[in-house]
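Going by the numbering used here, 54 is the number at position 52 of the sequence shown; the sequence numbering is gapless. Glycine residues also receive a C-beta, built at the ideal position from the N, C-alpha and C atoms.
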Amino acid sequence: MKKSILFLAAIFMSIAFQLNAQKVLTESVTASIVEAKSQLANALSNPDMSDEQRIAIIKRSAVTLKEYCRPSAWPEGEIPLSVWMNGQHQQCEDEIVSLSDIVLKMTDTSLDQKMKLINTMQLEVIDNQIQMLIPGSTPIQLASDVVSSVFNINFAEGVTGGKRKDAKDLVDRFKKLAADGKLLENFKILLENHRKSLRLIDKDVIDLNSKIPKWETAYYNAADGAFCMEGFEGAVPNTAEKQQPTNSIVGEWRFGYKEIGYFHLTFKTNGEYVFDDKMNKDSESTTGT
3 MKKSILFLAA IFMSIAFQLN AQKVLTESVT ASIVEAKSQL ANALSNPDMS
53 DEQRIAIIKR SAVTLKEYCR PSAWPEGEIP LSVWMNGQHQ QCEDEIVSLS
103 DIVLKMTDTS LDQKMKLINT MQLEVIDNQI QMLIPGSTPI QLASDVVSSV
153 FNINFAEGVT GGKRKDAKDL VDRFKKLAAD GKLLENFKIL LENHRKSLRL
203 IDKDVIDLNS KIPKWETAYY NAADGAFCME GFEGAVPNTA EKQQPTNSIV
253 GEWRFGYKEI GYFHLTFKTN GEYVFDDKMN KDSESTTGT
């Protein structure tokens with residue numbers, strides 16, 4: 003009985019010693035792990051990255067995580083770039099439906115009816131978007147650059163007097179085109195431009211869907227070719243890594259349209275950010291925390 007107790011005590015002390023001796027990742031190692039995850043997230047969300055650069059980052063991230071004995075960081079389900087691309091596709095489809103509805107409402111209508119339709123429109127200029135609402139129709143948001151090129155109106159805040167003035171100028175432009183019998187023609191051009199954009203997005207989606215399996219294979223092949231370094235197996239994560247969520251915003255993000263440019267936001271692991279307005283050539287980078 004006494005031997006059994008001593009034996010169990012020895013096992014318990016051995017386990018306790020192993021737990022107490024468990025390696026804690028250093029801040030520098032944790033920073034490398036966080037950076038690897040951040041770079042992988044960027045590679046799977048940045049549409050402007052070349053395939054060669056993307057695959058190189060994917061492989062490097064996989065190797066880093068494997069060498070430090072971290073679990074796979076490849077996302078389950080759709081990758082961010084695929085989600086973004088599908089969102090672009092859906093948005094373009096919605097805009098086509100709304101524009102088709104507007105064209106239908108304007109077809110075979112008198113000038114008086116067109117003017118009434120224009121007067122019921124609710125127009126707003128929101129940043130670089132034109133928000134258009136016609137009662138009974140789905141709200142539509144269009145890139146101001148696309149609208150300005152079709153309707154020959156210059157949206158430049160500070161020159162035309164601000165966003166409200168921009169919206170009024172657009173309404174006045176609609177009325178002039180209606181009086182000249184060209185409003186329907188212009189909306190048809192805008193509709194056709196969106197149909198062309200949708201065809202291009204379709205090609206991009208097909209191309210992306212063919213590449214994603216190759217990127218995933220490259221990730222797991224790189225991970226399988228690397229080895230977990232001695233001393234890191236079962237290591238306790240540093241507090242900094244524990245606080246780093248798996249859906250971190252760390253990395254480079256952008257929003258906007260291909261036709262007019264993008265806003266870029268870069269979030270760093272230390273909490274700093276950099277904002278670049280790539281839509282306006284004269285703008286300067288903004289930084290903060």
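Check, Outcome
"Please go through the same chain and pick out, in chain order, the residues whose beta-carbon is closer than 7 Å to the beta-carbon of F269, but skip the five residues on each side of it.", "I251, V252, G253, Y275"
"Work out the CA separation of P215 and K52 for me, nearest whole Å.", "Strictly speaking, residue 52 in this sequence is Ser, with Lys absent from that position. Cα to Cα, the separation comes out at about 16 Å."
"Would you mind sorting V149 into buried or exposed? The rule is 16 or more other CB atoms within 10 Å of its CB.", "buried"
"Give every residue of the same chain whose Cβ lies closer than 8 Å to the Cβ of M108, excluding the five residues on either side of it in the sequence, and list them in chain order.", "K116, L119, L185, L186, F189"
"Quick one: give me the first and last residue of the beta strand (DSSP E) that I128 is part of.", "124-128"
"Go ahead and label T32 buried or exposed: buried means 16 or more other beta carbons lie within 10 angstroms of its beta carbon, across all protein chains shown.", "buried"
"Give me the Cα-Cα distance between V207 and S84, rounded to the nearest whole angstrom.", "8 Å"
"Between which two residues does the beta strand (DSSP E) containing D279 stretch?", "275-279"
"Return the residue from the list G236, T271, E80 that minimises the CA-CA distance to P314.", "A query on residue 314 cannot be resolved here, the shown segment of the chain reaching from 3 to 291 and no further."
"So, under 8 Å CB-CB, I35 and W217 are touching, yes? Tell me the CB distance rounded to an integer number of Å.", "Incorrect: roughly 20 Å between the Cβ atoms, too far for contact."
"Is the distance from the Cβ of H196 to the Cβ of I136 below 8 Å?", "no"
"Check A23 in the structure and name its three-state DSSP category.", "With a pLDDT of 43 at A23, under the threshold of 50, the predicted position of this residue should be treated as unreliable, and no value is reported."
"Rounded to a whole number of angstroms, what is the C-alpha to C-alpha distance between N156 and I128?", "15 Å"
"Does DSSP put G79 in a helix, in a strand, or in coil?", "coil"
"Can you list, in chain order, the residues of its chain with a C-beta nearer than 8 Å to that of F14? Leave out the 5 residues immediately preceding and following it.", "Residue placement at F14 is flagged as unreliable, the pLDDT there being 40, under the threshold of 50; the coordinate-derived value follows with that caveat. Closer than 8 Å at the Cβ level, and outside the excluded window around F14, lies no residue."
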